[in-house]
Structures are given as C-alpha cells and as structure tokens.
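There are 2 protein chains.
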Amino acid sequence: MFKVAIVGAGSAVFSLRIISDFTKISEFKDVEICLMDIDETRLNSTFILANKLNEEMGAKLKFKTTTNLEEAIDGARFVINTAMAGGHGYLEKVRKIGEKWGYYRGIDSQEFNMVSDYYTISNFNQLDLFLKVARLVEEKGEKDAWLLQAANPVFEGTTLILRNVPINMVGFCHGHYGVHHLAEVIGLDIKKVDWQVAGVNHGIWLNRFLYDGRDGYKMLDEWIKNNVYESKHPFDDQLSLAAIDMYRFYWQMPIGDTVRNSSWKYHYNLETKKKWYGKFGGADSEIGWKWYQDNIKGITETVNKLADYVSMNPNIKLLDYNTYKDYMNIEIFKEEIESIINPEKFSGEQHVPFIDSIVNDKKQRFVVNIINNGTIEGIDNDVAVEIPAWVDSSGIHPEEIKPKLSERVIKYYLRPRIMRMEMVLEAFMKGDIKVLEEILFRDPRTRSKEQVEGVLNEIMNLPENEKMRMHYKR
Amino acid sequence: MFKVAIVGAGSAVFSLRIISDFTKISEFKDVEICLMDIDETRLNSTFILANKLNEEMGAKLKFKTTTNLEEAIDGARFVINTAMAGGHGYLEKVRKIGEKWGYYRGIDSQEFNMVSDYYTISNFNQLDLFLKVARLVEEKGEKDAWLLQAANPVFEGTTLILRNVPINMVGFCHGHYGVHHLAEVIGLDIKKVDWQVAGVNHGIWLNRFLYDGRDGYKMLDEWIKNNVYESKHPFDDQLSLAAIDMYRFYWQMPIGDTVRNSSWKYHYNLETKKKWYGKFGGADSEIGWKWYQDNIKGITETVNKLADYVSMNPNIKLLDYNTYKDYMNIEIFKEEIESIINPEKFSGEQHVPFIDSIVNDKKQRFVVNIINNGTIEGIDNDVAVEIPAWVDSSGIHPEEIKPKLSERVIKYYLRPRIMRMEMVLEAFMKGDIKVLEEILFRDPRTRSKEQVEGVLNEIMNLPENEKMRMHYKR
Ligand SMILES: NC(=O)c1ccc[n+]([C@@H]2O[C@H](COP(=O)([O-])OP(=O)(O)OC[C@H]3O[C@@H](n4cnc5c(N)ncnc54)[C@H](O)[C@@H]3O)[C@@H](O)[C@H]2O)c1
Ligand SMILES: NC(=O)c1ccc[n+]([C@@H]2O[C@H](COP(=O)([O-])OP(=O)(O)OC[C@H]3O[C@@H](n4cnc5c(N)ncnc54)[C@H](O)[C@@H]3O)[C@@H](O)[C@H]2O)c1
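As you go down the protein sequences, you meet chains U and B in turn. Residues 1 to 474 in the numbering used here are what the first sequence spells out, letter by letter. Residues 475 to 948 in the numbering used here are what the second sequence spells out, letter by letter.
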C-alpha cells in the first residue's frame with residue numbers, strides 16, 4: 001500500500017500506540033512500517049511486540065527494522081519523527097552543568113519554556129537531526145511525502161523545517177487534551193463543549209469555550225470560586241493555582257503544557273513551584289521530573305521484559321492481559337497496554353488518524369502545528385502556530401480563530417516566546433554563539449559574562465557536542 | 475499672528491532656546507508666546523530673560539505667563555510640552571525606594587530603557603499630565619492645533635496620545651544628533667553623509683550610512699579597528715565600547731540615547747557600567763547622573779541669578795556676554811548662551827523649524843516621533859516610531875526606510891522594548907496594577923512576590939502619588 005517510517009521507534013510505547021492505531025483502521029491493515037532507531041535493543045523489543053500485536057489484531061502490517069536513517073525514509077510516504085538525540089541522559093547531563101553555573105533546572109528552562117525535555121539552547125544535535133530527517137524526506141521520500149514531527153522541541157522544529165525544507169510537514173502534540181481534562185474536572189460533558197485553542201506549541205490558550213451554547217468561562221469561574229484542585233501526580237496541573245493565576249492575568253485559560261510554561265514568578269525554586277503547582281512542584285520540579293523519569297525508565301524496562309517474554313513464549317496472548325500481567329512490574333503501564341489492545345479505542349496520538357484523513361479523504365479535526373500565514377493575527381506569518389484544523393486528502397485547512405486570542409496572550413506571552421525561538425534558530429542556522437549568549441544575558445539567573453561563557457563552553461565541550469562546538473567555532 | 479503655549483516653561487534653558495529660535499525666523503517675529511509653569515519663580519526668570527532677548531533681537535514676540543494650563547492652551551495653534559511632573563526630586567525619591575528594595579538605579583531602569591529621567595512604571599502623574607494637555611489641545615486649541623511633545627517618556631507619551639486623542643501631534647528628541655558626533659569622531663564631514671535612523675524614541679539605529687556615496691560602515695569599522703574612544707563626560711558615549719558591542723551584535727549602530735538603552739549585560743553595577751561606558755560609567759550611573767543633576771541645578775541657579783541681575787540692571791546687554799559673564803557661575807552655560815544670542819545659529823531643537831515648515835510651507839527634514847502605520851515593517855502600526863520625515867504645510871511625510879532595520883534590531887531589540895511600552899500603557903489606561911507587577915516579575919532583579927508588591931506599594935504611598943494610588947486601587 002504505502003510505506004511509513006518511524007524514526008526513533010525504540011520509544012516503544014509511542015511506537016506501539018502508533019502501530020495499534022494502524023491495526024484499528026481497516027484500510028490500513030497492510031501498510032509497510034519501517035522501524036528505525038540507533039538503539040538495537042530497543043528497536044528489537046518494539047519489533048517483537050509490534051509483530052505480535054499485528055498478528056493478534058489480524059492486521060497485515062509489514063514491519064522492517066533498520067538502524068539506517070536513509071534506508072528508513074527511502075520511498076516512505078509518511079515519516080514520523082519521535083527520536084531524541086542523546087536521550088534523557090544528555091538532558092540530565094546538561095541540566096547538571098547548568099545548575100553548577102547557577103541556572104536552576106538548567107539553561108534550557110526559560111521563561112515560557114520550562115518543559116524539561118524541550119531543550120532549545122543546548123539541543124544542537126536534535127535540531128541537526130530534525131533538518132537531516134526533513135532533507136531526507138525531500139530527497140528520498142515518495143513524491144509529496146509527509147513529515148509528522150512528534151519529537152520536541154516541536155515549536156522550534158516545525159518552524160525550522162517549514163522555513164528551510166520544501167516538504168509537507170506537520171507537528172503534533174497532545175497538549176490540547178487539557179481541554180478534556182478541564183471539562184471533566186469542572187463537571188462538563190466534553191461532547192457538548194465547543195472549544196478552540198490557539199497559540200504556539202506548549203503555549204496554547206482556550207480562546208473558545210462554549211458549553212451547550214453558553215459561556216463555559218462562567219462555569220469555570222464558578223468552579224474556581226468554590227474549589228481548590230488537589231493534584232494527583234506531577235503532571236496533573238490543568239487546574240493548578242498556576243493555571244488559574246495565568247488565566248486571571250491573560251484572560252484566557254492556558255491549556256496542557258502551557259501551564260508548565262509560565263514565567264519565572266512560578267519557578268524561582270522548589271518552594272515556589274510547590275506553592276503554584278501543588279505538592280510535587282509540578283512536572284518540571286526536581287521531584288516531578290524524577291517521577292517522570294522513573295516512570296519512563298520503568299516502562300522501558302517493562303517493555304523490554306515483555307518483549308523477552310513474548311519471544312520465549314510465542315503462544316501467549318498480548319490481547320489477554322491476564323496471561324502476562326505477572327511480567328509487568330509497573331501499574332502505570334497497565335492502562336497503556338489496555339488501550340493498545342482495545343480494538344475500539346485509539347491511542348489519542350493524532351498521527352495515524354491524520355494519515356487516515358490524508359490517504360482516505362476522511363475529513364477530521366486535529367490540532368496541528370503549521371506555519372501561521374495569518375491564522376493568528378499579531379504574530380509573524382513564518383512562525384509555526386498550533387491551531388485546530390480540518391484535514392482531508394486535499395490537505396490541512398486551519399479553522400478561523402474565533403474569538404481571537406486575548407491581546408495579553410499575543411503581546412505579553414506569545415511574542416516573547418517567539419523571540420527566543422527566533423534567537424535559537426538564528427544561532428543554529430548561522431552558527432553564531434553570540435545569539436545563544438544573548439538569550440542567557442537576558443536570563444534573570446545570569447549575573448556575569450563569565451557565567452554565560454562558562455556554562456556554554458562546558459556544554460559545548462561535552463564529547464557528544466563536538467559537531468556543535470565546530471559549528472559555533474567557525 | 476498665532477499663539478504658542480510652552481507648558482513647563484520654567485525649564486528656562488529649553489524655553490530660551492525655543493524663544494531665540496522664534497526671534498531668528500523673520501516670519502515669526504510677532505508670534506504670541508504663552509509661558510506656562512506651576513513654578514512661579516522659574517516662570518518669572520524665563521519671562522524676564524525672554525523679554526530681554528526679544529527686545530535685543532528686535533523681535534516683536536508677545537509674552538504672557540500663566541500658571542493655568544487651560545488658559546495657556548486656549549486658542550493656541552502650537553503647544554510645546556516640556557513639563558516634568560514632580561521634577562527631578564520625584565525621580566530621585568522613587569529611585570531611592572527602588573534601590574532599597576533591591577532594584578539598582580530604580581524600578582524604571584529597565585532593559586532597553588535605562589535613561590534616568592525616562593520613567594514609565596512609576597510615572598503616573600506624568601502620563602496623566604500628557605493626556606490632560608492633549609485633551610486640552612483638542613478642546614481649547616485652535617482648530618487643527620499641534621501638540622509638540624518634548625517631555626519624556628516621548629515613546630510612551632506619543633503612543634498614548636496618538637492612540638487616544640484625535641489631534642495633530644509629534645514627539646521630538648535630539649538623539650539623532652549622535653550621527654553628527656559619530657561622523658565627527660571618525661573624521662567624516664557630516665555634510666557629505668547620507669544617513670537615516672529609525673526605531674522608537676531612544677531606540678534608533680543607523681540604517682543608512684553613506685559617505686560621498688561609499689559605505690560609511692566600512693569607515694566606521696576601520697576606525698574601530700584602530701581606535702579606542704576616551705569619553706570626555708558621562709554623556710559622551712556614541713563611540714563607547716557599549717555602542718560598539720551593540721553594533722557588533724545588531725549589525726547597525728545605535729544612535730544617541732540608544733547607546734544608554736542597552737540590556738542588563740552593560741548595567742549590572744557601576745563596575746560593569748564603567749567597563750562599557752568609560753570612567754564615569756555612562757550617563758545613567760550614580761556618577762554620571764549626579765554630574766548631570768549638578769549641571770542642571772547649576773544652570774537653573776545661573777538662569778535665576780541672571781534674571782535677577784537683568785531685572786535690576788535693565789540696561790545690560792544679553793547679546794554682549796562680557797557685560798554679565800561675572801554673574802555666570804558655570805562654564806557649561808557659556809556655550810549655551812552663546813548659541814542663544816548668536817543670530818545666525820539655531821538651537822538645534824526641532825520645534826521652531828518644524829512650526830516654520832508647517833506655517834510657512836518650508837519643506838525641511840526632521841526626525842519625528844509619529845505613529846508607525848507601516849513605515850517600519852515588523853512592528854505594529856499603532857506604535858509611535860522615530861523616523862526621518864519631510865515636513866511642509868501639508869504635514870509630515872515619512873521617508874521610506876531604506877535599507878531596512880536589521881532583523882535583530884526589529885526582533886531582539888524593538889519588540890521587547892515595545893512590549894514594555896504596551897504593558898505600561900495598558901496598566902495606565904485600565905488602572906490594572908497587575909500589569910505593572912508583571913513587568914517587575916520579568917525583571918532580573920526581582921527575587922520574590924513580596925519584593926514586587928513592596929516596592930510598588932511604597933511608591934504608590936508617596937503623598938504625590940495619591941491619584942495613582944486611587945487609580946490602581948479601584
Ligand atoms: N509531541 C508530543 O506529544 C510528545 C509527547 C511526549 C514526548 N515527546 C517528545 O518525543 C521525544 C522522545 O521522547 P522519549 O521520552 O520517548 O525519549 P527516548 O529517549 O526514550 O526515545 C527516543 C528514541 O530516539 C532514539 N534516537 C536517539 N537518537 C536517534 C537518532 N539519531 N536516530 C534515530 N533514533 C534516535 C533513541 O534511541 C530512543 O529510542 C522527545 O523529544 C520528547 O520531548 C513528544
Ligand atoms: N525630548 C528631548 O529631547 C528631551 C531632552 C532633555 C530632557 N527632556 C525631557 O524634558 C522634560 C523636562 O526636563 P528638565 O530636566 O528640564 O526638568 P525640570 O524639572 O527642570 O523642568 C520641567 C518644568 O516642568 C514644570 N512642571 C512640573 N509640573 C508641571 C505641571 N503640572 N504643569 C506645568 N509645568 C510643570 C516644572 O516646574 C519645571 O519648570 C523631562 O521629561 C525630560 O526627560 C527631553
């Protein structure tokens with residue numbers, strides 16, 4: 001039928017989600033899926049479980065694996081990029097260097113960009129990989145092939161690629177599900193909610209919120225008056241005090257990871273974070289991020305174990321959780337696997353439904369990252385925005401943003417966030433270290449020139465950053 | 475002929491400059507000039523010296539004085555506003571409170587806005603006076619009367635008024651004379667320089683710089699390679715290391731007060747300021763600003779003394795410096811008075827030549843602050859920009875900005891500066907203290923909520939800020 005490449009397929013949970021979605025769309029049961037990763041162990045685990053799932057679901061997906069990027073992309077009609085150059089190990093290493101030089105939570109934690117795996121300043125290898133993938137899609141992909149960007153930073157990545165490589169490309173995030181969570185908590189039936197979000201990735205705001213035709217914000221205000229939300233885990237922040245304080249200032253509700261991407265006021269230190277995000281201090285505190293890392297480590301281990309078990313016991317049933325539940329060592333994976341094996345339920349990732357819309361001309365609504373081109377007034381046309389859009393075989397059709405984003409969101413939030421994106425991309429494209437320095441000179445944690453030069457030097461001198469070092473030392 | 479009102483005419487030097495310019499334009503020798511100030515002593519000194527000058531120059535200007543703003547503006551065709559609500563005393567009081575709360579040089583010293591008498595955050599009374607003057611011009615002025623804004627903050631003031639009051643209005647500054655100084659220092663004849671500057675007030679950049687048709691920037695680069703400039707006084711910064719460092723980053727040269735309006739990198743403390751601006755630490759260091767204050771204090775005293783002397787000795791000649799030089803106690807005033815009494819030389823202030831262009835249809839070039847309306851691409855239309863323009867009786871005709879401002883100037887300098895202007899004006903128009911707080915929360919000197927609330931409270935509790943307090947406590 002057609003070929004899909006998943007770059008970074010060793011991210012097993014993500015890959016299984018995508019693959020299970022493919023098995024659940026009848027038109028897609030014989031798609032060719034090329035799994036690509038540089039980590040063979042992870043790749044192999046994904047491959048084993050994917051085949052098993054495929055078999056049990058009665059699909060005829062054809063899997064290949066490769067560690068060669070070119071081979072993966074060659075002839076693909078869709079390329080999904082979920083790879084993270086350097087992995088979590090790199091992020092932690094760089095964060096530590098940052099903290100040593102006085103940057104709490106690392107230099108990449110910035111005003112309106114606090115998400116702990118959303119590095120921009122020190123993420124040269126990731127941006128470089130983005131461009132490499134995009135250029136291969138242009139050269140080796142099928143004619144009019146699509147690149148679906150899942151890896152972060154989606155905002156910088158989408159803007160970078162769409163400005164520099166003439167391909168079809170879209171960035172995806174699941175942050176907008178915050179609207180569902182919001183509705184649920186305040187007691188609204190999401191099916192009756194007419195909503196829109198708009199902004200940039202991890203900076204989206206609920207510009208439209210109607211419930212059965214009535215003003216949903218009135219109901220939210222009422223809820224806020226009478227409730228204080230108690231977060232159940234570090235990421236459970238959609239109704240945190242931080243979110244509500246931002247809502248009060250910006251007049252529209254921040255959605256999804258936008259709540260984490262607030263200004264320094266909420267992030268000075270762990271104590272401040274706890275005050276605003278609840279007892280864990282939010283996802284990006286030392287507590288919250290450790291929790292997340294332990295979770296994904298647990299999941300990765302579990303997936304590997306499960307893959308081993310499956311390869312040694314080819315007769316077990318993935319669709320029957322009870323047959324292998326003893327081999328699952330963490331509870332959190334249960335929900336995940338249950339959704340994967342449920343034939344009625346989609347993963348919630350937008351990639352496969354998007355492909356469905358394009359290939360099978362099924363008109364569906366998505367929240368996509370694409371070039372602005374006037375959709376959001378008051379920000380540049382060549383900046384990637386995150387907005388709702390309808391997709392069919394003729395492509396992506398952005399909704400009109402109505403009502404508009406508030407002036408404060410545009411002027412006091414999006415514009416400064418966009419400025420830093422511009423600085424990061426300019427530094428990267430031109431190899432001009434001065435622009436990265438300038439970001440840090442404007443960082444409230446900076447006290448001196450020595451600190452700025454010191455921290456950047458130490459990061460660039462990491463062995464894995466040789467290419468970055470050469471790029472900036474031209 | 476027609477009436478001119480000077481609001482804040484007690485600023486004697488400024489008023490004498492304006493008045494002497496009037497005496498030197500033959501068509502204007504019988505204009506009616508209403509001097510208005512709330513300080514009767516200063517007003518009286520100006521009045522005495524103005525009459526004396528008028529008489530000796532053989533002009534027939536008719537002077538009036540008043541302490542009543544309405545009376546001054548009533549029937550005026552041109553209103554020049556140079557008043558500073560609260561005076562330097564207020565600025566120092568507020569700066570001190572700021573420093574007490576950890577804001578070196580006060581809360582109004584901000585990134586890209588370090589000029590020490592250019593308060594925005596705590597300058598409620600000044601913005602309020604701006605609007606009051608503008609509304610009176612609308613109501614009481616002659617039909618199509620002009621407001622000429624000299625008082626700072628010119629950027630905030632011009633934007634505020636042009637957005638809210640439907641009058642003819644223009645803001646003036648003399649910062650662009652930095653181009654002359656630059657040319658002189660690097661050895662170019664300014665008459666052969668084809669230059670343009672553009673930006674916002676105190677944030678203007680040399681976008682065009684040709685010498686005899688050749689690239690002036692090459693000559694500047696050559697000069698920089700071979701010279702280090704030694705500043706002769708605190709304001710002598712056009713070729714300081716700060717200016718050159720900014721030039722290297724932004725690719726265009728900052729002009730005039732723009733050099734002072736750099737980022738925190740140059741302003742952490744006195745030591746840093748000295749490194750970048752020379753031995754005085756620039757105009758806005760504790761040393762530089764004290765020097766300036768001593769100077770203007772000296773000038774004011776000298777003017778008062780001179781006025782006394784003139785009123786007691788009506789036969790002395792202002793045009794003959796030797797007859798009263800013993801009554802001058804500071805050297806710095808000598809140059810000033812020499813230019814005032816020289817019939818060939820204009821003061822350099824743009825106000826009277828501008829009025830000449832409008833009234834007598836003399837086409838001349840000015841650097842004006844007016845609403846952008848597309849002149850500078852990449853910034854909002856409703857923001858006041860400072861640009862070169864040709865003026866005649868049909869009005870102000872902006873030059874096309876060519877070549878454009880650099881992307882870095884637009885994206886990394888002007889936009890963040892504009893954002894703070896927007897915040898200040900929104901806070902002021904809506905009486906929303908949260909917006910002022912937000913400016914401070916984004917200030918690198920801020921460490922806590924208590925600090926932000928504390929400093930703003932203490933400033934608002936000053937007796938002269940009762941109106942501000944009421945406005946924000948609604
Ligand atoms: N868009 C979204 O909704 C969303 C949600 C969560 C995470 N993410 C992002 O997805 C990415 C992956 O996150 P993760 O936690 O799964 O990370 P991970 O490190 O566990 O997985 C990424 C995979 O990429 C592989 N990889 C690294 N370098 C590669 C290369 N050069 N070529 C091919 N593969 C390579 C790794 O081996 C690994 O298997 C991150 O950028 C993360 O921020 C996006
Ligand atoms: N645009 C420029 O080129 C330029 C250059 C230098 C200074 N300035 C600005 O000009 C203004 C005056 O500066 P200065 O150093 O002469 O200050 P100043 O305090 O010496 O003089 C200002 C005058 O305004 C008067 N005044 C105060 N409140 C008044 C009111 N409500 N009504 C009428 N008059 C009032 C004062 O009595 C004083 O005589 C400041 O805003 C300063 O920043 C502008």
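Cβ atoms here follow ideal geometry from the backbone N, Cα and C, with glycine treated the same way. In this text, all values refer to a predicted model and were calculated from it rather than measured experimentally.
Uninterrupted alpha helix (DSSP H) stretches at least 4 residues long and entirely within the segment 353-434 of chain U occur at 415-430, given in chain order.
In the DSSP annotation of this structure, the continuous segment of the beta strand (DSSP E) that includes residue 196/U starts and ends at 193-200. Ranked by Cα distance from residue 89/U, the first of 290/U, 419/U, 315/U and 421/U is 290/U. Only 111 from the segment 94-111 of chain U bring a Cβ to less than 8 Å from some Cβ of chain B. Assigned with DSSP and collapsed to three states, residue 553/B falls in strand.
Within 7 Å of the C-beta of residue 406/U there is not a single heavy atom belonging to ligand 2. Annotation note: the segment 121-204 of chain U contains the following uninterrupted alpha helix (DSSP H) runs of length 4 or greater, listed N- to C-terminal: 124-140, 154-164 and 178-185.
Around the Cβ of residue 344/U, a 10 Å sphere holds fewer than 16 other Cβ atoms; the residue is exposed. Checking the DSSP bridge columns, you'll see residue 685/B partnered with 667/B and 688/B. Linking residue 226/U to residue 193/U through their CA atoms gives a straight-line distance of about 21 Å. Residue 737/B is positioned such that its CB atom lies closer than 8 Å to that of residue 585/B.
With 16 or more other Cβ atoms inside 10 Å of its own Cβ, residue 435/U counts as buried.
Here residue 553/B is near residue 622/B, since their CB atoms are less than 8 Å apart.
Straight through space, the alpha carbons of residue 153/U and residue 655/B are spaced by roughly 46 Å.
Annotation: Cβ neighbours of residue 263/U in chain B (cutoff 9 Å, chain order): 912, 915 and 916. Taking the Cβ atoms as the reference, residue 510/B lies roughly 30 Å from residue 758/B, outside the contact range of under 8 Å. Distances from the CB of residue 647/B to the heavy atoms of ligand 2 include at least one below 7 Å. A distance below 7 Å between beta-carbons, with the five flanking residues on each side excluded, links residue 522/B to the following residues of its chain, in chain order: 781, 784 and 785. A Cβ of chain U is located within less than 8 Å of the beta carbon of residue 896/B. Bounds of the beta strand (DSSP E) holding residue 6/U are 3-7. In the structure shown, the three-state DSSP call for residue 488/B is helix.
Only exposed fits residue 269/U, as fewer than 16 other CB atoms lie within 10 angstroms of its CB.
Proximity to residue 633/B across 608/B, 512/B, 649/B and 614/B peaks at 608/B, based on C-alpha coordinates. Taking one beta carbon from each stretch, the segment 160-173 of chain U and the segment 378-391 of chain U have 3 or more pairs nearer than 8 Å; the two touch. In this structure, residue 562/B has its beta carbon less than 7 Å from a heavy atom of ligand 2.
Within 7 Å of the C-beta of residue 512/B there is at least one heavy atom belonging to ligand 2. With a threshold of 16 other beta carbon atoms within 10 Å, residue 741/B meets it and is buried. When rounded, the separation of the alpha-carbon atoms in residue 933/B and residue 596/B is 7 Å.
For residue 32/U, there is no enclosing alpha helix (DSSP H); the enclosing beta strand (DSSP E) covers residues 32-36.
The beta carbon of residue 482/B sits closer than 7 Å to at least one heavy atom of ligand 2.
Going by C-alpha positions, residue 831/B is about 5 Å away from residue 866/B. In the three-state DSSP reduction, residue 463/U falls in the helix class (H, G or I). Under the Cβ criterion of 8 Å, residue 723/B is counted among the residues facing chain U. Distance from residue 250/U to residue 409/U at the Cβ level is roughly 5 Å; contact confirmed, criterion being Cβ atoms closer than 8 Å. Straight-line measurement puts the Cα of residue 823/B at about 21 Å from the Cα of residue 868/B. When Cβ pairs closer than 8 Å are counted between the two stretches, the segment 492-511 of chain B is seen to touch the segment 522-535 of chain B, the count reaching three or more.
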